[in-house]
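First up is the structure itself, then whatever we jot down about it.
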Amino acid sequence: MAFEPAEELEEQGRFAHDPLPPGVMRRGKAKAPSATPLSEGARRRIVAEHAAQREQLAPRRREIRGRSSIGPTGRPQGRPGKKRLQPGKKPKQTEITVPSAQKRVIRIEDDIQLQALAQRMSLKATDVLMKLMELGVSGVHINSTLDADTASVLASEFNYEVENVARSEDEIVGDARGEFEDKAVDRQHRPPVVTVMGHVDHGKTSLLDKIRESDVVAGEAGGITQHIGAYRVDTKQGTVVFLDTPGHEAFTAMRARGAQATDIVILVVAADDGVMPQTKEAVNHAQAANVPIVVAVNKIDKPEANPDTVKNELAALGLQPEDWGGETIFIPCSAITGQGIDALLENVLLQAEMLELSANASIPAEGVVLEAYLDRGRGPVANVLIRDGSLDTGDYVVAGGAWGRVRAMTDDRGKQLAAAGPATPVEVLGLAELPAAGDLFYEVTDQRKAQEVAGARKKPGMATAAPLGGLRGLDQLQALMQSGDVQELRLVVKADVQGSVEALQGSLTDLATEKVKVNVIHTGVGGITENDVMLASASEAIVLGFNVRPQGKASSTAKKEGVEIRTYNVIYEAIDDVKAAMKGLLAPKVVQAELGKAEVRQTFGIPKVGTIAGCMVLEGKINRGARARLVRDGVVVWEGPMGSLRRFKEDVKEVQAGMECGIGLQGFNDVKEQDVIECYEEKQVEATLE
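Take -10 as the starting number for the sequence shown in the working numbering and just add one per residue.
Below, the structure written as structure tokens:
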């Protein structure tokens, strides 16, 4: 046996225990044996052993690779990149997506900021601002607030549509009151609400005291505890609710806020004194409110009483007595002797039957605030007249911009009530703040609805009352133009003496025509008072003063209510201003002034320009800046602005009759020979009163 070196024996022992992979001839100092090649079975065994070793080592590698020392936890390993396209496929081009029709509708509530509108359209605010300036709107920035109409026009420039989803006050209140059914079967007759009006010292208070004495319930209970501003009187003839607030103030404040609390007016006139200034004012208030009037001719027991004089004077104011063929009821009475009191109540109840007053006690309450005040111990207190429905303690209510929950209710006699039905005056505790006189009062379903209604009424632009119909000013009456042919200008006239009042009233009334009516709803002697302003506010009128000035809070009230007061020292200036305002009520007429005619003799087609008509001017003149109409066989085929006017290759301003010219019609090329081009211009002519 040949001797083998120790190194070779050592390498053979190593290869026996740690065989090298197939094909590997050297690893470090170890060399693969140069013996005979491995058999197929041995090679497969060696490959299988190495594969098993790799599977055992693989989890270890993944565990090490996921440690935080290698990289942040959760971060994907490897290089992120785009997916490789398969051979033969082309990359897709970027598509410009267009929002669906539903997403191109922007819903707003009355107004929206320009920047917010741009975000809703996925546009830059500066681009939207520049477009708004191109439309002719100046003085705006990206934080400006746009109304619904402006936002709609601006959004349409970017192919978007604006929808105003703001709800009206009536819709909000209707939703807050909940669902209920007001069946005609459930409606029953309710007592009338009556206001006593008249001149000072004509016996209004005495007449009311006499009526209170006839209250059967009050007599049994020991008298009326009146502290609410209204009270119920249960008489043998029936039940009547009297308003104990100042008559004129009640009418103006409530009508100015869209509330109508009074059903009937009792006009008290002293038989020995006749019609006085406050009597006329009371008649004007009642007639403006379209409320039936029952005249109580008081002090009939006096020797100097003359009821016929009262009838004559009131007939001149439009109150024709029934025995004279009119519709107004006149009742002679006396607050001292009690004469005619029963007849007065009977006629009031008869008038109420004719009005067919009814209410439903099973629906949520609805009423009007008569007055409100702040009590130190009880907080805000509201005197409310419930007109319809029923109110219970614990109900949530809204009065104007105030809301709350009814903690307690008291009637006109100071009695605590758990529930109050229609035509019942009550004192309500529980409102969070003070409402205003004339605010509408509603019962709502819950606290959230109450807060929603109150918040909506406090929003700028949403009044707590019915809209008054528009601007009231001699300089702004053109904004009141309507589609109707007949207009009406309402006036409240005050002067220093009665003679000036009559002269001014007669001159203003004579200005009325078939197109514009002049309605002097009230006249009086003396300064312009706050009551005159409130009447003008409720009636959408203008106050004219002749040699008088506003008194007290009249000026501040006029600014608050938006009523214009005009004072004059010369009667002709007042008449001229009113006449100019009446003209302003009529829209100016647009008339067409014919300038000339031209006949088309030949047509020429010019590239990039269109068809040019070679014409002969038959009559008048053709003006380049005027409008034109194309007439073919007596029928107007086209009408619009004139595009060009040339004579011998030169632009001219006008061409006289008997000359030839070339006429281009803007945006129209279907011109044929023997067509007639008529040239005209439009002018606005001031409307006349005749």
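Glycine included, each C-beta is placed from N, C-alpha and C at the ideal position.
Separation of residue j from residue i, as counted between CA atoms
| i | j | result |
| --- | --- | --- |
| Gln102 | Val258 | 59 Å |
| Gly585 | Glu529 | 48 Å |
| Ile318 | Thr268 | 16 Å |
| Val552 | Ile531 | 6 Å |
| Ala40 | Arg32 | 12 Å |
| Val433 | Val182 | 24 Å |
| Val154 | Asp99 | 8 Å |
| Gln467 | Thr139 | Reliability fails at Gln467, whose pLDDT of 44 lies under 50, so the model's placement of it is uncertain and no value is given. |
| Ala397 | Gly218 | 18 Å |
| Asn658 | Gln581 | 24 Å |
| Ala294 | Asn558 | 39 Å |
| Ala371 | Ala408 | 16 Å |
| Phe430 | Leu124 | 44 Å |
| Lys375 | Leu406 | Correcting the residue type first, residue 375 is Ile in the shown sequence and not Lys. Those two C-alpha atoms are separated by around 13 Å. |
| Gly366 | Ala443 | 24 Å |
| Val665 | Val620 | 5 Å |
| Cys650 | Gln673 | 29 Å |
| Pro266 | Asn508 | 19 Å |
| Val660 | Val626 | 10 Å |
| Lys291 | Val162 | 53 Å |
| Asp640 | Ile652 | 10 Å |
| Leu308 | Asp261 | 19 Å |
| Asp297 | Val264 | 12 Å |
| Arg179 | Leu346 | 6 Å |
| Val537 | Arg555 | 10 Å |
| Val358 | Glu152 | 36 Å |
| Asn520 | Gly368 | 29 Å |
| Tyr385 | Thr228 | 29 Å |
| Gln655 | Met605 | 19 Å |
| Lys288 | Ala341 | 25 Å |
| Tyr220 | Thr413 | 8 Å |
| Ala332 | Val373 | 29 Å |
| Ile435 | Ala388 | In the sequence on display, residue 435 carries Asp and not Ile. Distance between the alpha carbons of Asp435 and Ala388: 14 Å. |
| Gly410 | Ala350 | 6 Å |
| Ala270 | Thr502 | Reading off the sequence, residue 270 comes out as Glu, not Ala. C-alpha separation (whole angstroms): 26 Å. |
| Val185 | Asp400 | 21 Å |
| Ile97 | Leu334 | 55 Å |
| Glu311 | Gly329 | 17 Å |
| Glu202 | Thr224 | 9 Å |
Residues sharing a beta bridge with residue i, DSSP
| i | result |
| --- | --- |
| Ser28 | DSSP output for Ser28 lists no bridge partner at all. |
| Cys322 | Paired residue(s): none; Cys322 is not in a bridge. |
| Ile161 | For Ile161, which the question treats as bridged, DSSP gives no partner whatsoever. |
| Lys542 | In the DSSP output, where bridge partners are listed per residue, Lys542 has none listed. |
| Ala348 | Gln177 |
| Glu416 | Asn372, Thr399 |
| Ala388 | Ala391, Phe430 |
| Ala408 | Asp381 |
| Gly327 | According to DSSP, which records beta bridges pairwise, Gly327 is partnered with nothing at all. |
| Ser633 | Gly653 |
| Met186 | Leu256 |
| Ala582 | Glu670 |
| Phe746 | Look at the range of the chain in this structure, -10 to 679, and you will see that residue 746 is not part of it. |
| Val552 | In DSSP, Val552 forms no bridge with anything. |
Whole-angstrom C-beta distance between residue j and residue i, which should lie under 8 Å
| i | j | result |
| --- | --- | --- |
| Ala617 | Met631 | 5 Å |
| Ala445 | Pro424 | The pair is not a contact, with the Cβ atoms about 15 Å apart (cut-off 8 Å). |
| Ala484 | Leu478 | Going by Cβ atoms, the distance from Ala484 to Leu478 rounds to 18 Å, so no, they are not a contact pair. |
| Phe169 | Pro353 | 6 Å |
| Ile510 | Val481 | 6 Å |
| Val230 | Ile200 | About 12 Å separates the two Cβ atoms, so there is no contact after all. |
| Leu524 | Ala277 | 7 Å |
| Leu607 | Glu583 | Incorrect: roughly 12 Å between the Cβ atoms, too far for contact. |
| Leu533 | Ala563 | 6 Å |
Distance cut-off 7 Å: residue i Cβ against heavy atoms of the ligand MN
| i | result |
| --- | --- |
| Arg437 | As for the ligand MN, it is missing from this structure, which has no ligand bound. |
May I ask you to verify whether the stretch 321 to 338 touches the stretch 194 to 202, counting CB pairs closer than 8 Å and requiring at least 3? With the cut-off at 8 Å, the stretch 321 to 338 and the stretch 194 to 202 touch.
Given 8 Å, three or more beta-carbon pairs between the stretch 250 to 265 and the stretch 277 to 296: Judged by Cβ distances under 8 Å, the stretch 250 to 265 makes contact with the stretch 277 to 296, as three or more pairs qualify.
Do the stretch 139 to 155 and the stretch 106 to 117 touch if we need at least three Cβ pairs shorter than 8 Å? With three or more CB-CB distances shorter than 8 Å, the stretch 139 to 155 counts as touching the stretch 106 to 117.
Quick test of the definition: if touching needs 3 or more C-beta pairs under 8 Å, does the stretch 98 to 113 touch the stretch 128 to 137? Touching, yes.
Using 8 Å as the threshold, is the stretch 489 to 506 in touch with the stretch 539 to 547, meaning 3 or more CB pairs across them? Contact between the stretch 489 to 506 and the stretch 539 to 547 is absent, because fewer than three Cβ pairs lie under 8 Å.
Touching or not, the stretch 374 to 391 and the stretch 410 to 417, by the rule of three or more beta carbon pairs under 8 Å? Yes, the stretch 374 to 391 is in contact with the stretch 410 to 417.
Okay, do the stretch 601 to 618 and the stretch 627 to 641 touch, 3+ Cβ pairs below 8 Å being the bar? Yes, the stretch 601 to 618 touches the stretch 627 to 641.
The stretch 174 to 181 / the stretch 297 to 305 touching (three or more Cβ pairs under 8 Å): The way I'd put it, the stretch 174 to 181 doesn't touch the stretch 297 to 305; fewer than three beta-carbon pairs between them come closer than 8 Å.
Ignoring anything shorter than 3 residues, give me the beta strand (DSSP E) runs that lie fully in the stretch 91 to 123, in order along the chain. Counting only runs of 3 or more, we get 94 to 97, 100 to 102.
Whole alpha helix (DSSP H) runs in the stretch 477 to 518 with 4 or more residues, listed along the chain? Scanning the stretch 477 to 518 from its first residue to its last, the whole alpha helix (DSSP H) runs of 4-plus residues come out as 487 to 499.
Let me know the beta strand (DSSP E) ranges lying completely inside the stretch 250 to 319, each 3 residues or longer, listed in chain order. As far as the stretch 250 to 319 is concerned, its whole beta strand (DSSP E) runs of at least 3 residues are 253 to 259, 282 to 287.
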